[in-house]
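Enquirer:
2 protein chains.
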Amino acid sequence: MPQRKPTRSRKPPTKPRKSASQARSRLTVDALLEATARILVKEGYDRASTNKIAMTAGVSIGSLYQYFPSKEALVSAVVDRHTREMAGEVREALDRMASWPVETAARALIAAMIEAHRVAPQLHRILEEQVPRVGRLENIKALDREIHAAVRAYLATHANEHRADDHDLAAFVCVTAVEALTHAAVLQRPELLSRERAGMFIDEVTRLIVGYLQPKR
Amino acid sequence: MPQRKPTRSRKPPTKPRKSASQARSRLTVDALLEATARILVKEGYDRASTNKIAMTAGVSIGSLYQYFPSKEALVSAVVDRHTREMAGEVREALDRMASWPVETAARALIAAMIEAHRVAPQLHRILEEQVPRVGRLENIKALDREIHAAVRAYLATHANEHRADDHDLAAFVCVTAVEALTHAAVLQRPELLSRERAGMFIDEVTRLIVGYLQPKR
DNA sequence: CAATAATGTGAGCGATCGCTTACATTGTCT
DNA sequence: AGACAATGTAAGCGATCGCTCACATTATTG
């Protein structure tokens, strides 16, 4: 940790830099978040140096540290923004489907999750895979838990429409499977989600869930 | 890149270090692989410095670079070893199930994949999540593709026992779902795989797959 | 017992990292 | 206009990284 001699500073210049209040600084923050997302995707977490991020954003490294006290805080802000962008659509679907029959509800949730993943699939992958180990940046997992809880509640309410006894286990199976299939399709089989075929894929995943939950066979 | 002045080396001492031939060196290599796996799990890929790995293995940093030309090569060797350890059980199951009916076959494969993941779950996660971006260390994904191909072949052979038209798509759905559930259970819900409950979980996942593939409803 | 190959050692190089700090520029207010 | 707050700049510090190299030690061979 370097020195801290006050030299002949007229005063402590101001309060120790905080959040943006003028329009110019909001632009700076936005540019930083955007550049962070871009570089995270292109380079991965550890190769995304703060110097490189600042350069890409077109701002100085000093400005970066005026708004984000650490690299972790910067990435955390990106996680927040991304999670917020994804959550909206899924939450709406969860609300709507609460009173729908199993097949319709499943289809709606699956379609919403696919749509949510389209926002920024590669960023989503990097954040999910590389960020958790850094610290308590578990905003994404929080959304997952929210979905899980909602599905568990749905299964409890509609207990007479399916065969699952252990609603928690069944919700785990459904959410994990749908999430994984959505993820894998977006990242490994994007052709499955093309305009013409997306419906087919949604049908297929719906069949998986409905077949699993159906009352009898 | 530092200098390379020959000074008064009696000769180029030997061939530029290669693979192990004496027993002692095999111990060194094993210790390095073991330490690499341990530190990868504890620290993640980028925090696993070669210096730290060498220290943990109880050998000098120089010895590390006698057997592995780079950090990437070292990690690659760990990936190879881990993949080989996981692949055996799964391959056996794939062979055996080839002539079995859908439900039995599904159950066998699911059980084998869970068992394979028990070998070194945390290492598996790190390798899967952090290593791919480094380079062509895709040995794990190669195993995934092998499983996918075998399941697709199975579905083609047993076409009259299930309702899937697109065998490739169905294999994608089945393998992705089973892999994700196995993964998630091992890492997030280890209690599901305890001695008493593992059977229940296998039943549940089997029901998911069978319900998806069943001929009629 | 040499002599030589195989194996092991660790100080330290150049690069890069996250981050600090001394200072310059721009905006706001009276 | 002047004063001061808000915002922006970039050189560079200390730490750590992957990796090299000159050399020491141990095993094998004749």
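As you go down the protein sequences, you meet chains A and B in turn.
So the first sequence is numbered by the working numbering: it starts at 1 and just counts up by one.
So the second sequence is numbered by the working numbering: it starts at 218 and just counts up by one.
Glycine included, every Cβ here is placed at the ideal spot set by N, Cα and C.
1. Please go through the same chain and pick out, in chain order, the residues whose beta-carbon is closer than 7 angstroms to the beta-carbon of P338(B), but skip the five residues on each side of it.
2. Which chain B residues are close to V79(A), counting only those with a beta carbon under 7 angstroms from its beta carbon?
3. Could you check whether I270(B) and L244(B) sit closer than 9 angstroms to each other, using their CB atoms as the reference points?
4. Under 8 angstroms: do the segment 384–401 of chain B and the segment 330–348 of chain B share three or more Cβ pairs, one atom per stretch?
5. Give, in chain order, every residue of the segment 398–428 of chain B whose Cβ lies closer than 9 angstroms to some Cβ of chain A.
6. Counting only the same chain and skipping the five closest in sequence on each side, list residues whose C-beta sits under 7 angstroms from that of V368(B).
7. By the criterion of Cβ-Cβ separation under 7 angstroms, what are the contact partners of Q122(A) in chain B?
8. Give the residues of chain B in contact with E103(A), contact being defined as C-beta atoms less than 9 angstroms apart.
9. From the DSSP output, in three-state form, read off A57(A) for me.
10. Measuring CA to CA, which of Y284(B), L372(B), E408(B), A240(B) is closest to I426(B)?
11. Could you work out which residues of chain A lie near E378(B), taking near to mean beta carbons separated by less than 8 angstroms?
12. As a quick exercise: from L281(B), D247(B), A315(B), R414(B), pick the residue whose alpha carbon is nearest that of I364(B).
13. Does V173(A) have its Cβ less than 9 angstroms from a Cβ in chain B?
14. Here's the rule: buried if 16 or more other CB atoms are within 10 angstroms of the residue's CB, otherwise exposed. What is R324(B)?
15. Do the segment 28–36 of chain A and the segment 59–68 of chain A meet, that is, are 3 or more Cβ pairs less than 8 angstroms apart?
16. Spell out whether any CB of chain A is found under 9 angstroms from the CB atom of E363(B).
17. Distance, Cα to Cα, D383(B) vs Y429(B)?
18. Considering only their Cβ atoms, is the gap separating Q214(A) from H218(A) smaller than 9 angstroms?
19. Identify each residue in the segment 35–60 of chain A for which the Cβ-Cβ distance to at least one residue of chain B is less than 7 angstroms, and report them in chain order.
20. Can you say whether Q347(B) is buried or exposed, counting buried as having 16 or more other CB atoms within 10 angstroms of its CB?
21. Within 9 angstroms of any Cβ in chain A, is that where the Cβ of T300(B) sits?
22. By the DSSP assignment, the alpha helix (DSSP H) with D168(A) in it spans what residues?
23. Mind pulling the chain A residues with CB within less than 8 angstroms of E346(B)?
24. Please report how far the alpha carbon of S287(B) lies from the alpha carbon of S280(B), in whole angstroms.
25. For D168(A), which option in R362(B), A381(B), L409(B), D385(B) has the closest C-alpha, if you only look at C-alpha atoms?
26. Give the list of continuous alpha helix (DSSP H) stretches no shorter than 4 residues that lie fully inside the segment 283–322 of chain B.
Expert: Working from what's here:
1. Here residue 338(B) refers to the residue found at position 121 of the second sequence. Cβ neighbours of P338(B) beyond the five flanking positions: V403, L404.
2. Locating residue 79(A) in the first sequence gives position 79, where the first residue counts as 1. Within chain B, no residue comes near V79(A); the closest Cβ sits about 16 angstroms away, beyond 7 angstroms.
3. Reading the second sequence from its first residue, position 27 is the one you call residue 244(B). Reading the second sequence from its first residue, position 53 is the one you call residue 270(B). Against a cut-off of 9 angstroms, the Cβ pair of I270(B) and L244(B) comes out as no contact.
4. The answer is yes - the segment 330–348 of chain B touches the segment 384–401 of chain B, with three or more Cβ pairs under 8 angstroms.
5. For the segment 398–428 of chain B, the set of residues with a beta-carbon nearer than 9 angstroms to any beta-carbon of chain A comprises L398, H400, A401, A402, Q405, R406, L409, M417, F418, E421, V422, R424, L425, I426, V427, G428, in chain order.
6. Locating residue 368(B) in the second sequence gives position 151, counting from the first residue. A388, C391, V392, listed in sequence order.
7. Position 122 of the first sequence, counted from the first residue, corresponds to residue 122(A). Listed along chain B, no residue sits closer than 7 angstroms to Q122(A) by beta-carbon distance, the nearest being about 11 angstroms off.
8. By 1-based counting over the first sequence, the position of residue 103(A) is 103. None at all; the shortest Cβ gap to chain B is about 11 angstroms.
9. Here residue 57(A) is taken as the residue at index 57 of the first sequence, counted from 1. A57(A): helix per DSSP, three-state reduction.
10. Stepping through the second sequence from its first residue, residue 426(B) is reached at position 209. Considering only Y284(B), L372(B), E408(B), A240(B), the residue with the shortest C-alpha distance to I426(B) is L372(B).
11. Your numbering for residue 378(B) matches position 161 in the second sequence. None at all; the shortest Cβ gap to chain A is about 14 angstroms.
12. Reading the second sequence from its first residue, position 147 is the one you call residue 364(B). Proximity to I364(B) across L281(B), D247(B), A315(B), R414(B) peaks at A315(B), based on C-alpha coordinates.
13. Taking the first residue of the first sequence as position 1, residue 173(A) is located at position 173. True, the Cβ-Cβ gap to chain B drops below 9 angstroms.
14. Numbered from 1 along the second sequence, position 107 holds the residue referred to as residue 324(B). So R324(B) counts as buried.
15. Segments in contact, yes.
16. On the second sequence, residue 363(B) is found 146 positions in, with the first residue counted as 1. Not one chain A Cβ lies under 9 angstroms of E363(B).
17. In the second sequence, the residue the question calls residue 383(B) occupies position 166. In the second sequence, the residue the question calls residue 429(B) occupies position 212. The straight-line gap from Cα to Cα measures roughly 13 angstroms.
18. Nothing about residue 218(A) can be reported from this structure: the residues present for chain A run from 1 to 217 only.
19. Within the segment 35–60 of chain A, those residues whose Cβ lies closer than 7 angstroms to any Cβ of chain B are, in chain order, G44, D46.
20. Your numbering for residue 347(B) matches position 130 in the second sequence. Residue environment: Q347(B) is assigned as buried (16 or more neighbouring CB atoms within 10 Å of its CB, all protein chains considered).
21. Stepping through the second sequence from its first residue, residue 300(B) is reached at position 83. Any Cβ of chain A closer than 9 angstroms to the Cβ of T300(B) would place that residue at the interface, and such an atom is absent.
22. The residue labelled residue 168(A) in the question sits at position 168 within the first sequence. Element bounds for D168(A): 167–188.
23. Working through the second sequence from its first residue, we reach residue 346(B) at position 129. Scanning chain A for C-beta atoms nearer than 8 angstroms to the C-beta of E346(B) yields E129, Q130, reported in chain order.
24. On the second sequence, position 70 is the one that residue 287(B) refers to. On the second sequence, position 63 is the one that residue 280(B) refers to. Across the structure, S287(B) and S280(B) are spaced so that their CA atoms are roughly 12 angstroms apart.
25. On the first sequence, position 168 is the one that residue 168(A) refers to. Measuring from the Cα of D168(A), the nearest candidate turns out to be L409(B).
26. Qualifying alpha helix (DSSP H) stretches, in chain order: 288–314.
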